[in-house]
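Peer 1: Right, I'll just put the structure down here and ask away after.
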Amino acid sequence: AKEPRFLWHDDLGVQRDPCYLLQFTQWAAEHGLRYLADSELHTMLPENLPLDSARALLAMKLDRLETEQFLDYVTNRSFRCSLLVGPEATMADRLDAAAIRELCLGRALHEAPSPAPSGGAEAHFRTADGAAVTLRGVPLVAFLRVLSGRADGSTPFGELLTSAEARAKRTFTDPEQTQLAEDLLTLYGRRQIELSAVPAAPPAGLAERPRLSPLNRALARHRRMVVNARQQSHRLAGTEQAFCGLLDGKRTVAELRASPEGRALAGALEPFLASLARSGSLA
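Spelled out as structure tokens, the structure:
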């Protein structure tokens, strides 16, 4: 069952004109606009389908737009976040992995215990939902071990590369760095790393007067959730939801602790505030 706001805005809204991707791109072209990509890269890649489905789709020899349209059919996709560009924009035929060297990376994998030592050439990781991932190759393993050890946020590629080379106790050759960038692009397409244009780091400590953004206070009040700096949602327990209403920047930690909402959290108050700070949920 849909919530009332979805029924009102999606199904009964004045602007309600569903279309297929190929129709959308044709209409955009009539206004001098071209389809660049979807905002979520992993939805564009056949290799993220089950192996047999990916092989069948690739065997059809479709162009890029047709491939994406068929991906919508196969995955029963009903909503897109499409990016358009004007006629003056230049568009490459393929993704350029070298561009990753100019970006910042965030972790989406956590290293798992290894059943046996591999000399740094193989490592085991887990995704946020617990899926196992095995990575091979000294540069990639060293790089991902450094990245997975970082706190939430994003770090420039060059800084991570320097730390990875220090971990591997050698400088990676140009071909190795080229392959590393290709491997990282593959991981991004699988949502196993995150990319951003600017670095970001969680605050070094908790502010004297912790504050949630107005958006997060509204989400806590109406949706019983907050979002972090990576736009991931976190469901709140009832005591946490009530406590979040106090995080407007007007109260010290001591005052929060003495409040009825703070006393209800008891010993979980400081860990809860620390988790909000580490995730970037606090303003």
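Throughout, the working numbering is defined as the position within the sequence shown, counted from one, plus 1150. Every residue gets a Cβ at the ideal spot worked out from N, C-alpha and C, and that includes glycine. Predicted model only: the values in this text are computed from it and were never measured.
Given that a residue counts as buried once 16 or more other Cβ atoms are within 10 Å of its Cβ, and exposed if not, what is G1163?
Peer 2: Stepping through the sequence shown from its first residue, residue 1163 is reached at position 13. Label assigned to G1163: exposed.
Peer 1: Quick check: C1254 and P1306, are their CB atoms within less than 7 angstroms of each other?
Peer 2: As a working note, residue 1254 is residue 104 in the sequence shown. As a working note, residue 1306 is residue 156 in the sequence shown. Yes, the Cβ-Cβ distance between C1254 and P1306 is below 7 angstroms.
Peer 1: Is the beta carbon of L1369 less than 7 angstroms from the beta carbon of A1427?
Peer 2: The residue labelled residue 1369 in the question sits at position 219 within the sequence shown. The residue labelled residue 1427 in the question sits at position 277 within the sequence shown. No; because the gap between Cβ atoms is not below 7 angstroms, this pair is not in contact.
Peer 1: Looking at the structure shown, is G1182 part of a helix, part of a strand, or coil, going by DSSP?
Peer 2: To locate residue 1182, count along the sequence shown from 1; it is residue 32. G1182: coil per DSSP, three-state reduction.
Peer 1: Quick check: what's the CA-CA separation for A1278 versus Q1173?
Peer 2: Stepping through the sequence shown from its first residue, residue 1278 is reached at position 128. Stepping through the sequence shown from its first residue, residue 1173 is reached at position 23. Approximately 36 angstroms, taken between the alpha carbons.
Peer 1: What does the Cβ neighbour count give for L1285, buried or exposed, with the cut at 16 atoms within 10 Å?
Peer 2: Here residue 1285 is taken as the residue at index 135 of the sequence shown, counted from 1. The residue in question, L1285, is buried, as its Cβ has 16 or more Cβ neighbours within 10 Å.
Peer 1: Of all the options G1270, M1210, L1335, L1215, which has the alpha carbon lying nearest to the alpha carbon of M1194?
Peer 2: Within the sequence shown, the letter at position 44 stands for residue 1194. Taking only the C-alpha atoms, the option nearest M1194 is L1215.
Peer 1: Excluding the 5 residues flanking G1270 on each side, which residues of the same chain have their C-beta closer than 7 angstroms to its C-beta?
Peer 2: Taking the sequence shown and counting its residues from 1, the one referred to as residue 1270 is at position 120. Around G1270: V1288, V1291, A1292, A1318.
Peer 1: I'd like the list of long-range same chain contacts for D1398, defined as Cβ closer than 8 angstroms, with 5 residues on each side in sequence excluded.
Peer 2: Taking the first residue of the sequence shown as position 1, residue 1398 is located at position 248. Cβ within range, chain order: R1361, L1362, R1367.
Peer 1: Can you grab the Cα-Cα spacing for the pair L1208 / E1190, in whole Å?
Peer 2: As a first step, residue 1208 must be located in the sequence shown, where it is residue number 58. As a first step, residue 1190 must be located in the sequence shown, where it is residue number 40. Their Cα atoms are separated by approximately 20 angstroms.
Peer 1: How far does the alpha helix (DSSP H) with E1326 in it reach, from first residue to last?
Peer 2: Sequence index remark: in the sequence shown, residue 1326 carries index 176 (1-based). Start and end: 1324-1339.
Peer 1: When the Cα atoms are used, what is the spatial distance from D1167 to A1187?
Peer 2: Residue mapping note: residue 1167 aligns to position 17 of the sequence shown, counting from 1. Residue mapping note: residue 1187 aligns to position 37 of the sequence shown, counting from 1. In a straight line, the C-alpha of D1167 is about 21 angstroms away from that of A1187.
Peer 1: Buried or exposed for G1280, please, with buried defined as at least 16 other CB atoms from any protein chain shown within 10 angstroms of its CB.
Peer 2: The residue you call residue 1280 lines up with position 130 of the sequence shown. Classification for G1280: exposed.
Peer 1: On the DSSP letters alone, give me the boundaries of the alpha helix (DSSP H) that C1126 sits inside.
Peer 2: It is not possible to answer for residue 1126, since the shown part of the chain is limited to 1151 through 1433.
Peer 1: Within 10 angstroms of the Cβ of E1197, are there 16 or more other Cβ atoms? Answer buried if so, exposed if not.
Peer 2: The count along the sequence shown starts at 1 and reaches residue 1197 at position 47. When all chains shown are included, E1197 counts as exposed.
Peer 1: On the three-pair Cβ rule with 8 angstroms, is the stretch 1401-1409 touching the stretch 1369-1389?
Peer 2: Result no; under three Cβ-Cβ pairs closer than 8 angstroms.
Peer 1: DSSP three-state call for S1313: helix, strand or coil?
Peer 2: Here residue 1313 refers to the residue found at position 163 when the sequence shown is read from its first residue. Helix at S1313.
Peer 1: State the Cα-Cα distance for the pair D1213 and F1220, rounded to the nearest angstrom.
Peer 2: Translated into positions along the sequence shown, residue 1213 becomes position 63. Translated into positions along the sequence shown, residue 1220 becomes position 70. So the alpha carbons of these two residues sit roughly 11 angstroms apart.
Peer 1: Report back the beta-carbon spacing between L1297 and I1343 to the nearest angstrom; my notes put them in contact at under 8 angstroms.
Peer 2: In the sequence shown, the residue the question calls residue 1297 occupies position 147. In the sequence shown, the residue the question calls residue 1343 occupies position 193. That belief holds up - the Cβ atoms of L1297 and I1343 are roughly 7 angstroms apart, short of 8 angstroms.
Peer 1: When the Cα of A1387 is compared with those of R1276, L1330, A1354, F1422, which residue comes out closest?
Peer 2: Taking the first residue of the sequence shown as 1, we reach residue 1387 at position 237. Cα-wise, what sits closest to A1387 is F1422.
Peer 1: On a CA-only basis, which of Y1185, T1225, L1245 is nearest L1199? Give me that one, please.
Peer 2: Numbered from 1 along the sequence shown, position 49 holds the residue referred to as residue 1199. Nearest of Y1185, T1225, L1245 to L1199, Cα basis: T1225.
Peer 1: In angstroms with no decimal places, state the Cα-to-Cα distance between F1322 and T1240.
Peer 2: Along the sequence shown, read from residue 1 onward, the residue named residue 1322 stands at position 172. Along the sequence shown, read from residue 1 onward, the residue named residue 1240 stands at position 90. So the two alpha carbons sit approximately 32 angstroms from each other.
Peer 1: Take S1383 and list the residues in its own chain whose beta-carbon comes closer than 7 angstroms to its own, dropping the five residues that flank it on each side.
Peer 2: In the sequence shown, residue 1383 corresponds to position 233, counting from 1. Cβ neighbours of S1383 beyond the five flanking positions: M1375, V1377.
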